[in-house]
Amino acid sequence: MAAARKIMHIDLDAFFCAVEEIREPSLKGKPFAVGGRPEERGVVASCSYTARTFGIRSAMPMARAVKLCPDLIIIHGHYADYASHSRRVMAILNEFTALIEQISIDEAFLDLTDIPVPLEELAHTIQARINHELLLPCSIGAATNKLVAKIATEYAKANSTIKDSPPNAIHIVEPGREAAFLAPLPVEMLWGVGPKTARHLIQLGFKTIGDLAKAPEKELIESFGKMGYELSRRARGIDDRPLSTSHTLKSISQETTFSADISDPEVLEKVIKTLADEVSVRLQRTHLEAKTIRIKVRWPDFTTISRQTTLQHPTSQKDLITDKASGLFRQVWKPGRSVRLLGVGVSQLQPHQLRLWGDEPQVRNVEKEQRLNAVMDDLRSRFGERIIAPASDLDR
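If you count by our numbering, then the sequence shown holds residues -5 to 390, one letter each, in order.
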């Protein structure tokens, strides 16, 4: 019989805020949030645990957060620092195993099956390294699979007795105890169950994961289709998925929410051009090209639409992306209509290939543009994304 897998889930507690406290220690113990300004329709990207005692949560409009806590300190965010600290965390994890699935900047799974050390001991060792070497708090869940390990992390955090500071908690689910661990938990804690599905499940009488586990699989399939099969397995703690140690980028997008609704066509076209430029930079930085270009538009009533077009040949060039995105926008926008949000994105990505068809001057122009893009990319990485832009993008 094969040995039980040892899967660990690590979540850096209030990661952005933890990095901000390293940058500015006087923030410790104070209510603060990382995110956009309230007068510009900003949202909370992360908030300190002190701020959470006021009812503030991630993704909450910053204006509401300020109403809940008038003394809230708002920090715009230092995202390059967050990325740097994330890389340092992953470097520590790599010392334990190469089998790592990083699922976000502050979250990862580890497969430690081949390490002959008890999971609890490994969890405390890894947590101590991250705490002491990087000064970052983290919570850890561990079990025989990804599903239960992630829920174990959430359980550890939710049951921490510390409410105004990071939980820095650990919970281990021993092999064979998966279903028993999950049974008393509310159904909304089951990974993959969103608010809408949770409401539906509760209406059907499934309040806990254990209630769901007892239901006949056929009944769940009749109610939820193919999802019912997955719900039945997950409720019993069954998850055979391996770690995905490689990540394939599927799309790139940039969007902006305006501080005030905009109907000026010149401003809207300029925004599309800026967003297309940023998408182009990211494509070229990752040596990718895209065949599909899309736009996203949100009207003042929060109705959101998207349109896309597929090219004959993939591209990473700003002018072509801008032209196609502008054309899509003009198809859905009527003069005088206000816009709340604009976005430009690309998909169907593939590695960049230098095309040698056409005459020789065209080839030389492509090479020249690539060199220019490399210089611009270097300037942006050193001084910020908006350090350089075409003169046509500048306000008078």
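Using N, Cα and C, we set each Cβ at its ideal position, and we do this for glycine too.
Leaving out the 5 sequence neighbours to the left and right, which residues in its chain are closer than 7 angstroms to residue i when beta-carbon positions are compared?
i	result
Ile289	Ser300, Arg301, Ala319, Leu322, Phe323, Gly337, Val338
Pro345	His281, Leu282
Gln96	Met84, Ala102
Val37	Gly29, Gly30, Ala53, Met54, Pro55, Met56
Gly49	Leu62
Compute the distance between the beta-carbons of residue i and residue j, then report whether it is under 8 angstroms.
i	j	result
Ser159	Thr147	no
Ala122	Ile166	no
Thr239	Leu62	no
Gly231	Leu106	no
Met221	Leu116	no
His394	Val28	Outside the displayed span of the chain (-5 to 390) sits residue 394, for which this structure offers no information.
Ala25	Ser52	This sequence places Pro at residue 25; Ala is not what is there. Taking 8 angstroms as the Cβ cut-off, Pro25 and Ser52 do not qualify as a contacting pair.
Asp75	Arg17	yes
Leu214	Ile246	no
Pro236	Pro329	no
Glu15	Ser253	no
Gly23	Thr44	yes
Thinking residue i and residue j are a contact (beta carbons under 8 angstroms), I'd like their distance in whole angstroms, please.
i	j	result
Pro178	Thr155	The pair is not a contact, with the Cβ atoms about 19 angstroms apart (cut-off 8 angstroms).
Phe10	Ala39	6 angstroms
Pro294	Asp255	5 angstroms
Asn162	Asn125	7 angstroms
Thr251	Arg35	5 angstroms
Arg435	Trp185	In the structure as shown, the chain begins at -5 and stops at 390. Residue 435 is therefore absent and cannot be evaluated.
Thr138	Glu172	7 angstroms
Ser217	Val333	So it is not a contact: roughly 40 angstroms between Cβ atoms.
Ile164	His118	7 angstroms
In terms of residues, what are the limits of the alpha helix (DSSP H) holding residue i?
i	result
Val273	259 to 279
Val60	56 to 62
Val13	9 to 17
Lys208	203 to 208
Ser80	73 to 88
Ile145	140 to 152
Ile315	312 to 326
Name the one or two DSSP bridge partners that residue i has.
i	result
Asp105	Ile1
Gly29	Val38
Ala165	Sequence inspection shows His at residue 165; the Ala mentioned does not correspond to that position. For His165, which the question treats as bridged, DSSP gives the partners Gly135.
Leu343	Ala284
Ser98	Glu101
Gly337	Glu249, Lys290
Pro180	Thr202
Can you give me the Cβ contacts of residue i inside the same chain, cut-off strictly under 8 angstroms, excluding the 5 residues immediately before and after it?
i	result
Gln342	Ala284, Lys285, Thr286, Thr304, Pro308
Gln325	Arg301
Would you give the residue range spanned by the beta strand (DSSP E) that residue i belongs to?
i	result
Gly222	Premise fails: Gly222 lies in the alpha helix (DSSP H), 220 to 229, not in any beta strand (DSSP E).
Glu249	245 to 256
Ile196	Counting along the chain, Ile196 falls outside any beta strand (DSSP E), though it belongs to the alpha helix (DSSP H) covering 189 to 197.
Thr303	298 to 309
Ile69	67 to 69
Using a Cβ-Cβ cut-off of 6 angstroms (strictly less than) and excluding sequence neighbours within five positions of residue i, which residues of its own chain qualify?
i	result
Gln364	Residue confidence for Gln364 is low, a pLDDT of 47 falling below 50, so the modelled location carries little weight; the figure read from the coordinates is stated next. So the list is empty, once near-sequence residues are dropped.
Tyr149	His165
Glu272	Gln248
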